[in-house]
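Visitor: From first to last, the protein sequence lines stand for chains A and B. Per our numbering, the very first residue in the first sequence carries number 36; after that it's consecutive. Per our numbering, the very first residue in the second sequence carries number 6; after that it's consecutive. We put the beta carbon where it would ideally sit given N, CA and C, even for glycine. As the structure is a prediction and not an experimental result, all values here were calculated from the model. Right, I'll just put the structure down here and ask away after.
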Amino acid sequence: DGGITQSPKYLFRKEGQNVTLSCEQNLNHDAMYWYRQDPGQGLRLIYYSQIVNDFQKGDIAEGYSVSREKKESFPLTVTSAQKNPTAFYLCASPSWAEAFFGQGTRLTVV
Amino acid sequence: AQSVTQLGSHVSVSEGALVLLRCNYSSSVPPYLFWYVQYPNQGLQLLLKYTTGATLVKGINGFEAEFKKSETSFHLTKPSAHMSDAAEYFCAVEGGATNKLIFGTGTLLAVQP
Numbered sequence: 036d037g038g039i040t041q042s043p044k045y046l047f048r049k050e051g052q053n054v055t056l057s058c059e060q061n062l063n064h065d066a067m068y069w070y071r072q073d074p075g076q077g078l079r080l081i082y083y084s085q086i087v088n089d090f091q092k093g094d095i096a097e098g099y100s101v102s103r104e105k106k107e108s109f110p111l112t113v114t115s116a117q118k119n120p121t122a123f124y125l126c127a128s129p130s131w132a133e134a135f136f137g138q139g140t141r142l143t144v145v
Numbered sequence: 006a007q008s009v010t011q012l013g014s015h016v017s018v019s020e021g022a023l024v025l026l027r028c029n030y031s032s033s034v035p036p037y038l039f040w041y042v043q044y045p046n047q048g049l050q051l052l053l054k055y056t057t058g059a060t061l062v063k064g065i066n067g068f069e070a071e072f073k074k075s076e077t078s079f080h081l082t083k084p085s086a087h088m089s090d091a092a093e094y095f096c097a098v099e100g101g102a103t104n105k106l107i108f109g110t111g112t113l114l115a116v117q118p
């Protein structure tokens, strides 16, 4: 079945470390998005990519980086510059009038 | 620019009662509108969507929503709540040159027995 796979489901990071969240899709979609979810704040857009080798900053890009070298993959790196990285991260891949979501990665800084 | 406002971060209903979750949007172009549901520690699942055509949209699990352009609203309803409906619900709008999907802050629905 086509879908989006995020890994790992739970991730722990020490302060000052970079960490990379994986997002893979086999839907053959051009677009891929990363959202951050915090209680009471809904989903906020971090980065998005409409096509391979191209991506744009969303509303809260500071402290994050992405790459889009392959159509299937859109990894998100949470850098040490991100002041409050503990959150639930969701990867999505929209197609015409619908977005498909992964199951999310819960990142905790310890 | 597009935006979405969900009125009421928490809504509680009794089992069998009407569910009404409110969503108002702002968009400079004809919008696509969506409702998603999220269960704890999971991704989002599409309930229903409005793109063009009929303004009353039916979705999964007995939910429906009506697009009212004059009121810039897209409220979600279900005639009779079930315990399994307890979840968080997100309204979203897509439109404009970038086709970004913009979400509201969510409404947590509790269903009391």
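Report the residues of the stretch 23-49 of chain B with a CB closer than 9 Å to any CB of chain A, ordered along the chain.
Guide: Of all residues in the stretch 23-49 of chain B, Y37, F39, Y41, Q43, N46, Q47, G48, L49 have a Cβ within less than 9 Å of some Cβ in chain A.
Visitor: Out of B:S89, B:T110, B:F108, which has the shortest C-alpha to C-alpha gap to V18 (chain B)?
Guide: For V18 (chain B), the nearest C-alpha among the options comes from B:S89.
Visitor: Taking only three categories from DSSP, how would you classify S108 (chain A)?
Guide: Of the three classes helix, strand and coil, the one that applies to S108 (chain A) here is strand, per DSSP.
Visitor: According to DSSP, simplified to helix, strand and coil, what is N29 (chain B)?
Guide: It is a strand residue.
Visitor: Just the Cα atoms here: how many angstroms apart are K106 (chain A) and L78 (chain A)?
Guide: Looking at the two C-alpha atoms, the distance is approximately 23 Å.
Visitor: So, with DSSP's three-state summary, where would you put D94 (chain A)?
Guide: It is coil, neither helix nor strand.
Visitor: Can you confirm whether E133 (chain A), when its beta carbon is compared against all beta carbons of chain B, has any partner nearer than 9 Å?
Guide: For E133 (chain A), the answer is yes, since a Cβ of chain B falls inside 9 Å of its Cβ.
Visitor: Around the Cβ of H87 (chain B), are there at least 16 other Cβ atoms within 10 angstroms (buried) or fewer (exposed)?
Guide: That one is exposed.
Visitor: List, in chain order, every chain B residue whose beta-carbon is nearer than 7 Å to that of G37 (chain A).
Guide: What G37 (chain A) touches in chain B: nothing, since even the nearest Cβ is about 14 Å away.
Visitor: Report the residue ranges of all beta strand (DSSP E) runs contained in full by the stretch 35-82 of chain B; include only those spanning at least 3 residues, in chain order.
Guide: Here the runs fully enclosed are 37-43, 49-55, 61-63, 69-73.
Visitor: Which residue from A:E104, A:N88, A:Y70, A:T121 puts its Cα closest to that of A96 (chain A)?
Guide: Checking every option, the nearest Cα to that of A96 (chain A) belongs to A:Y70.
Visitor: Tell me which residue opens and which closes the beta strand (DSSP E) that W69 (chain A) is part of.
Guide: Start and end: 67-73.
Visitor: Taking only beta-carbon atoms, is Y68 (chain A) less than 9 Å away from chain B?
Guide: Answer yes: the Cβ-Cβ gap between Y68 (chain A) and chain B drops below 9 Å somewhere.
Visitor: Which bits of chain A does S14 (chain B) rub up against, with CB to CB less than 9 Å?
Guide: In chain order: G75.
Visitor: Are the Cβ atoms of L81 (chain B) and L25 (chain B) separated by less than 9 Å?
Guide: It is a contact, given that the beta carbons lie within the stated cut-off.
Visitor: For the beta strand (DSSP E) that S84 (chain A) lies in, which residues bound it at each end?
Guide: 77-86 is the span of the beta strand (DSSP E), which, as asked, contains S84 (chain A).
Visitor: Kindly say whether F95 (chain B), judged by its beta-carbon, lies nearer than 9 Å to any beta-carbon of chain A.
Guide: So yes, F95 (chain B) belongs to the interface.
Visitor: Between the C-alpha atoms of Q52 (chain A) and T112 (chain A), what's the straight-line distance to the nearest angstrom?
Guide: Whole-angstrom Cα-Cα distance: 10 Å.
Visitor: Could you pull out every unbroken alpha helix (DSSP H) segment of at least 4 residues lying fully inside the stretch 107-142 of chain A, listed in chain order?
Guide: Complete alpha helix (DSSP H) runs here, min 4: none at all.
Visitor: Please report the residue range of the beta strand (DSSP E) in which E59 (chain A) lies.
Guide: Unbroken beta strand (DSSP E) run through E59 (chain A): 54-60.
Visitor: If we ignore side chains and look at the alpha-carbon of each, how far apart do Q85 (chain A) and D65 (chain A) end up?
Guide: Whole-angstrom Cα-Cα distance: 6 Å.
Visitor: Any C-beta of chain B within less than 7 Å: which residues of the stretch 100-121 of chain A qualify?
Guide: Against chain B - using a Cβ distance shorter than 7 Å - the stretch 100-121 of chain A contributes no residues.
Visitor: Among B:A115, B:T10, B:F72, which one has its Cα closest to the Cα of L53 (chain B)?
Guide: With distances taken between Cα atoms, L53 (chain B) lies closest to B:F72.
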